[in-house]
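A.B. asks:
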Amino acid sequence: MLNFSQQNYESESSAKTFKIKASIDSFIQMPRNVASILLNKRLFLSLVSGKDVFTFVSYSNSRMNHLPMSKTNSTIQAATRRKRLAKVILFLTGMAFGAPALQAQGWEIYFGGANEDIGQSVIQASDRGYVAVGFSESFGPDGDLDVYAIRTDVDGKELWSNYYDEGWTEHGNSVIETPDGGFLIAGDIRTTQLAPSNVYLLKIDARGEKVWSKQYGGGGDDLGFRIIPTETSGGYLIVGRTASFGNGGHDALLVKVDDSGNQVWSHAYGTTDDDYGRGVIELSDGYLITGSAFNQADTSTDLYLLKVDFAGNEQWAKLFGTNDIDEGYDLVETNDGNIAIVGYTGSGSDVYLLKVTATGSEIWAKTYGGALGDQGFDILKTKGGDLVVAGVTEITPSNSDAFLAKFDLDGNEIWWSNVGRGSHTDAGLAVAETTDEGFIAVGYNSLFGIFGNDVTLIKTGPTGAVYTNHLTGKVFNDDEDCVLQPAEPGLNDWIVKAASPGKTFFGTTDSDGFFDITVDTGSYTVSVLVKNNYWQPCVAAYNVTFNTFYDTLIRNFPILPLVDCPLLVVDVSAPVVQNCSNIGYVVSYCNSGTVPATTPSLYLILDDALTLTGASIPWTLHLDSLYIFDLDPLDLDDCGSFSFTASSDCNGVPAQAYSVSAHIFPDSICVPVSPNWDLSDVAVEGTCDAGMDTVRFRISNDGVGNMEQPQQFIVIEDNVMLSPEPVSFQLEAGQDTLISVATTGATYRIIAEQSPGHPGNSYPTVAIEGCTTESTFSTGFTTMFHENDNDPFVNIDVQEAISSTDYILLRDYPKGYYKGGENLIPANTDVEYHIFFQNAGTDTVTRLVIRDTLPPSLDLATVVPGASSHPYDFEVYGNGVLKFTLDNIL
Numbered sequence: 035m036l037n038f039s040q041q042n043y044e045s046e047s048s049a050k051t052f053k054i055k056a057s058i059d060s061f062i063q064m065p066r067n068v069a070s071i072l073l074n075k076r077l078f079l080s081l082v083s084g085k086d087v088f089t090f091v092s093y094s095n096s097r098m099n100h101l102p103m104s105k106t107n108s109t110i111q112a113a114t115r116r117k118r119l120a121k122v123i124l125f126l127t128g129m130a131f132g133a134p135a136l137q138a139q140g141w142e143i144y145f146g147g148a149n150e151d152i153g154q155s156v157i158q159a160s161d162r163g164y165v166a167v168g169f170s171e172s173f174g175p176d177g178d179l180d181v182y183a184i185r186t187d188v189d190g191k192e193l194w195s196n197y198y199d200e201g202w203t204e205h206g207n208s209v210i211e212t213p214d215g216g217f218l219i220a221g222d223i224r225t226t227q228l229a230p231s232n233v234y235l236l237k238i239d240a241r242g243e244k245v246w247s248k249q250y251g252g253g254g255d256d257l258g259f260r261i262i263p264t265e266t267s268g269g270y271l272i273v274g275r276t277a278s279f280g281n282g283g284h285d286a287l288l289v290k291v292d293d294s295g296n297q298v299w300s301h302a303y304g305t306t307d308d309d310y311g312r313g314v315i316e317l318s319d320g321y322l323i324t325g326s327a328f329n330q331a332d333t334s335t336d337l338y339l340l341k342v343d344f345a346g347n348e349q350w351a352k353l354f355g356t357n358d359i360d361e362g363y364d365l366v367e368t369n370d371g372n373i374a375i376v377g378y379t380g381s382g383s384d385v386y387l388l389k390v391t392a393t394g395s396e397i398w399a400k401t402y403g404g405a406l407g408d409q410g411f412d413i414l415k416t417k418g419g420d421l422v423v424a425g426v427t428e429i430t431p432s433n434s435d436a437f438l439a440k441f442d443l444d445g446n447e448i449w450w451s452n453v454g455r456g457s458h459t460d461a462g463l464a465v466a467e468t469t470d471e472g473f474i475a476v477g478y479n480s481l482f483g484i485f486g487n488d489v490t491l492i493k494t495g496p497t498g499a500v501y502t503n504h505l506t507g508k509v510f511n512d513d514e515d516c517v518l519q520p521a522e523p524g525l526n527d528w529i530v531k532a533a534s535p536g537k538t539f540f541g542t543t544d545s546d547g548f549f550d551i552t553v554d555t556g557s558y559t560v561s562v563l564v565k566n567n568y569w570q571p572c573v574a575a576y577n578v579t580f581n582t583f584y585d586t587l588i589r590n591f592p593i594l595p596l597v598d599c600p601l602l603v604v605d606v607s608a609p610v611v612q613n614c615s616n617i618g619y620v621v622s623y624c625n626s627g628t629v630p631a632t633t634p635s636l637y638l639i640l641d642d643a644l645t646l647t648g649a650s651i652p653w654t655l656h657l658d659s660l661y662i663f664d665l666d667p668l669d670l671d672d673c674g675s676f677s678f679t680a681s682s683d684c685n686g687v688p689a690q691a692y693s694v695s696a697h698i699f700p701d702s703i704c705v706p707v708s709p710n711w712d713l714s715d716v717a718v719e720g721t722c723d724a725g726m727d728t729v730r731f732r733i734s735n736d737g738v739g740n741m742e743q744p745q746q747f748i749v750i751e752d753n754v755m756l757s758p759e760p761v762s763f764q765l766e767a768g769q770d771t772l773i774s775v776a777t778t779g780a781t782y783r784i785i786a787e788q789s790p791g792h793p794g795n796s797y798p799t800v801a802i803e804g805c806t807t808e809s810t811f812s813t814g815f816t817t818m819f820h821e822n823d824n825d826p827f828v829n830i831d832v833q834e835a836i837s838s839t840d841y842i843l844l845r846d847y848p849k850g851y852y853k854g855g856e857n858l859i860p861a862n863t864d865v866e867y868h869i870f871f872q873n874a875g876t877d878t879v880t881r882l883v884i885r886d887t888l889p890p891s892l893d894l895a896t897v898v899p900g901a902s903s904h905p906y907d908f909e910v911y912g913n914g915v916l917k918f919t920l921d922n923i924l
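In this text, residue positions in the sequence shown follow my numbering: the first is 35, and each later residue adds one.
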């Protein structure tokens, strides 16, 4: 026996890993383009959500021909097989990936502090998260208004927020993303209490840290309302208002700056009265600005449209509206080459939507709204060419809602959606289209009678719908009274399901056992997906109904331990396997049982072509390739991991299979065994003779009972059964039988049946590859079938050696039995998805998010994340979205 500890080691592979597993609900047929696929960065978004994937037709009535053979009597149900659904091997830039099919109906989230907080502008960043800016007086030491920026992920979870205070007051009114992944915020700043305001341009990096800031203006008040990138000449253009220059008290203002914020030129425009510039777009021959200007002819404010060339020289200016107040706030170029402008008319009583030609000739003007006030503040053109407007609509004289509305190019309303709680005043000030064909809007909300606002961030679906009801509660380890007590611990990463005939929603408990599921109105059956049958919920399900919006219901799930027993789950993985390299593996393990495991240990068996070269924890070597690792105690719901490296054979061939087996102890099954079990325990072994010309398989009965009836086995050569029918065998306790096969350079696998009622999910099988005197042999067949690792305490990682890798690689296992151009996988098979990422860029990665929605053919109740190169947070939410968040992956 050799005791050895090596803490410092290096791996030649710098890749990083992650793995997931789920079971298939029904007999399926998995096309090769899904069962084995190499993805680039864009194609990765499909993950496992491909359609036309799952249809299996058995080609024989014999259950032995459903390769691999059906599992026998599982006494550890469901989540015993939830060992993994995806092994993700990451090595990526800090981008968030999501499936394009995700179209959840959104959410409404609030940000801010105890005082005034307003959201003025929002974008979806290149990582698919959101950045909102505005101003706040809730943060900072001096209690004044500061620029306020919030960055969230694609689900609205705050990643960071920051305030920027360089003077007396600052406002952030507009934000855009810059090519370097940072952001530019335009607004205004008053450096001291008595100083005039200047246009303010603030550059921040992707983490919200200030890079630089610039100010523009003169002796009067100057404000910046919106910023756009300028494609023709580079740099940026800010539109706003000035009291320092021009003809009147206030004039429209344009400031052109370069990439570093240095002013290139500025111009003021307008009449001798008060004029504003609020929106600007770039055309092929200059810039078009909208805002408001005083019309001396009817002594009222009108919507203002101004055309300038690329140097800022005025080309023409026009006014539109009635003899009442008409304001322009934003504009877009439409797909037919015209211009759509939004604002409001009639002292704020109606949304004003105007369409003009590129030369300013009116095509039509329309108003929208109810009997009270309605105002439009922002407009966008959708990917389909329609128009979406954000604004505010009065519900009562004392209450208002934010709204989003969609119109066609003729101004016909397609849909109108109000968002807001009846107890709050709400406003929508800006909107952007999202990659899932929905919309993200920002504004503010305030509770009646309370001074102060909060920033509102609203995510909608394609029709403006938002889910506003919340189902909350706690899943906890109960002390047998089925009532939540303060000291009862929560259960982490349990999935809660709210199902109705039309919609199903999911949520995942946090480390304290709490969950929060956003749902639509309607009736639901709410249940918890029990991890394994060591546990039983006090309440099988609740029936709940949401009849209104913005409602919250609380339902707790006490979970009773049925046995006092640990249940250890293990997983092992590597990013990729290559011949003649030092491969880095990660072993992860958890205790899903009901009591702690006080002295756990792990047995590791390496492929004959692998040699252990180092590990992050001590090990003991037994025999040739058995390594034993003593682990720290595992409390209930506790997890751990360690890493090791192994060198591979330098004489290996491409696609050669390398296997690593991990078995964690204790591995007791603490549920009653079936009375039908005959106490036999079938095991299989396989060896290659010294002459490399014969494969010998051994089937043994290692149990204490005789097999009461015959069972069957098959031997497969590559992907063809050697015998026309399965072969029967029946062994007494301690007895074995040998099967010899003359080799031809093929891959040989034996699969044998256990007796009915055998505890657990044992699946006796072993494969022998490369038993030949020739320098080449068949490869690619070992991974067609799964190994004997259906029990949670065993995991066998089998990977084929590759010569090089793409930056993103999705590998599934087993890849299925190839027949008729398709890969066949039987029902109730655990399917692993192993995802490899590599950072091809030069920037440092700090955060990675992986999102995808499982197809209906994969059972969400069996999803269990596996080994990863970095710690991650796993959750299931929405309509079955899986989300893996990896932070601080430096």
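Backbone N, C-alpha and C fix where the C-beta goes; we use that ideal spot for every residue, glycine too.
Since the model is a prediction, treat every value here as computed from it, not as a measurement.
Can you tell me which residues form a DSSP beta bridge with R224?
C.D. replies: According to DSSP, R224 bridges with T203, S231.
A.B. asks: Per DSSP, S682 is paired with what?
C.D. replies: Bridge partners of S682: L644.
A.B. asks: On the DSSP bridge assignment, give the partners of R185 in chain order.
C.D. replies: Per DSSP, V165, W194.
A.B. asks: I believe Q788 touches F763 by the beta-carbon criterion, under 8 Å. Please report the beta-carbon distance rounded to the nearest angstrom.
C.D. replies: Not really, about 12 Å apart at Cβ, beyond 8 Å.
A.B. asks: Where L518 and I588 are concerned, what is the direct C-alpha to C-alpha distance, given to the nearest angstrom?
C.D. replies: So the alpha carbons of these two residues sit roughly 12 Å apart.
A.B. asks: How big is the Cα-Cα spacing for N357 and F918?
C.D. replies: Each residue's alpha carbon lies about 57 Å from the other.
A.B. asks: Whose C-beta lies closer than 6 Å to the C-beta of T305 among residues of the same chain, with five residues either side of it excluded?
C.D. replies: Excluding sequence neighbours, T305 sits near G282, A327, F328.
A.B. asks: Near I152, what residues of its chain come up, given a Cβ to Cβ distance below 7 Å and the 5 sequence neighbours on each side ignored?
C.D. replies: Same-chain partners within the cutoff: G168, F169, Y478, N487, V489.
A.B. asks: Applying the criterion that 16 or more other CB atoms from any shown protein chain within 10 Å of the CB defines a buried residue, is C734 buried or exposed?
C.D. replies: The sequence shown places Ser at residue 734, rather than the Cys named in the question. By the neighbour-count rule (16 or more Cβ atoms within 10 Å), S734 is buried.
A.B. asks: Going by DSSP in three states, K755 sits in which element: helix, strand or coil?
C.D. replies: Correcting the residue type first, residue 755 is Met in the shown sequence and not Lys. DSSP places M755 in strand when its eight states are reduced to three.
A.B. asks: Where in the segment 505–546 do unbroken runs of the alpha helix (DSSP H), each at least 4 residues long, occur, reported from the N-terminal end onward?
C.D. replies: None, since the segment 505–546 contains no complete alpha helix (DSSP H) of that length.
A.B. asks: Sorted by chain position, which residues of the same chain lie with C-beta nearer than 8 Å to G4's C-beta, five sequence neighbours on each side aside?
C.D. replies: The chain is shown from 35 up to 924; residue 4 falls before or after that span and cannot be answered.
A.B. asks: Which same chain residues, not among the five before or five after S626, have their C-beta less than 8 Å away from its C-beta?
C.D. replies: Answer for S626: A113, K565, N566, Y568, L601, L602, V603, D671, P826, listed in chain order.
A.B. asks: Rounded to a whole number of angstroms, what is the C-alpha to C-alpha distance between G855 and Y867?
C.D. replies: Going from the Cα of G855 to the Cα of Y867 covers about 21 Å.
A.B. asks: Mapping DSSP to helix, strand and coil, what is T559?
C.D. replies: In this structure, T559 counts as strand in the three-state DSSP scheme.
A.B. asks: Just tell me which of D712, P634, L525 has its CA closest to the CA of S675.
C.D. replies: Out of D712, P634, L525, P634 has the C-alpha closest to the C-alpha of S675.
A.B. asks: G404 and G425 - do their beta-carbons sit closer together than 8 Å?
C.D. replies: In this structure, G404 does not lie closer than 8 Å to G425 by Cβ.
A.B. asks: Go through its chain and collect everything with a Cβ distance to L668's Cβ below 8 Å, but skip five positions before and after it.
C.D. replies: If we look at L668 and ignore the five residues flanking it on each side, its Cβ neighbours are P600, L602, Y623, C624, N625, P630, A631, P634, G674.
A.B. asks: DSSP has C614 in a bridge; who is on the other side?
C.D. replies: Looking at the DSSP assignment, C614 forms no beta bridge with any residue, so it has no partner.
A.B. asks: DSSP three-state call for T817: helix, strand or coil?
C.D. replies: Residue state, collapsed to three classes: helix.
A.B. asks: Can you check DSSP and say which residues form a bridge with N503?
C.D. replies: Beta-bridge pairing links N503 to V553.
A.B. asks: To the nearest angstrom, how far is the alpha carbon of C516 from that of G914?
C.D. replies: Whole-angstrom Cα-Cα distance: 28 Å.
A.B. asks: Using only the alpha-carbon positions, how far apart do Y729 and P709 sit?
C.D. replies: According to the sequence shown, residue 729 is Val rather than Tyr. The alpha-carbon atoms of V729 and P709 are separated by roughly 37 Å.
A.B. asks: Secondary structure at S108, three-state DSSP: helix, strand or coil?
C.D. replies: Confidence at S108 is low in this model, with a pLDDT of 35, below 50, so its placement is unreliable and the value that follows should be read with caution. Looking at S108 - three-state DSSP - the assignment turns out to be coil, as it is neither helix nor strand.
A.B. asks: Per the contact definition of three or more C-beta pairs closer than 8 Å, is the segment 654–664 in contact with the segment 709–723?
C.D. replies: No: fewer than three Cβ pairs fall under 8 Å.
A.B. asks: So N503 and D550 are in contact, right, with Cβ under 8 Å, and what is the actual spacing, rounded?
C.D. replies: Going by Cβ atoms, the distance from N503 to D550 rounds to 11 Å, so no, they are not a contact pair.
A.B. asks: Kindly indicate the opening and closing residues of the beta strand (DSSP E) around W299.
C.D. replies: Residues 297–303.
A.B. asks: Are the CB atoms of S1007 and G850 nearer to each other than 8 Å?
C.D. replies: Here the chain has residues from 35 to 924 only, and residue 1007 is not among them.
A.B. asks: Would you check if the distance between the CB atom of G462 and the CB atom of A499 is smaller than 8 Å?
C.D. replies: For G462 and A499, no; Cβs fall outside 8 Å.
A.B. asks: So within the segment 806–889, which uninterrupted beta strand (DSSP E) runs reach at least 3 residues, ignoring any that extend past its ends?
C.D. replies: Listed in chain order, the complete beta strand (DSSP E) runs (minimum 3 residues) inside the segment 806–889 are 828–834, 842–847, 851–853, 856–859, 864–871, 881–887.
A.B. asks: Tell me the rounded alpha-carbon separation between K248 and N296.
C.D. replies: Using only the alpha carbons, I get a separation of about 8 Å.
A.B. asks: Just list the residues that DSSP pairs E803 with in beta bridges.
C.D. replies: None; E803 has no bridge partner.
A.B. asks: When the Cα of I237 is compared with those of F279, L920, E211, which residue comes out closest?
C.D. replies: The question names Ile, yet the displayed sequence has Lys at residue 237. With distances taken between Cα atoms, K237 lies closest to E211.
A.B. asks: Give me the residue from V188, T324, D723, L438 with the minimum Cα distance to A392.
C.D. replies: Minimum Cα distance to A392 is reached at T324.
A.B. asks: Please classify N795 as buried or exposed, where buried requires at least 16 neighbouring CB atoms within 10 angstroms.
C.D. replies: Flag for N795 reads buried.
A.B. asks: Could you compute how far the alpha carbon of G371 sits from the alpha carbon of T817?
C.D. replies: If I take the Cα positions, the gap works out to 56 Å.
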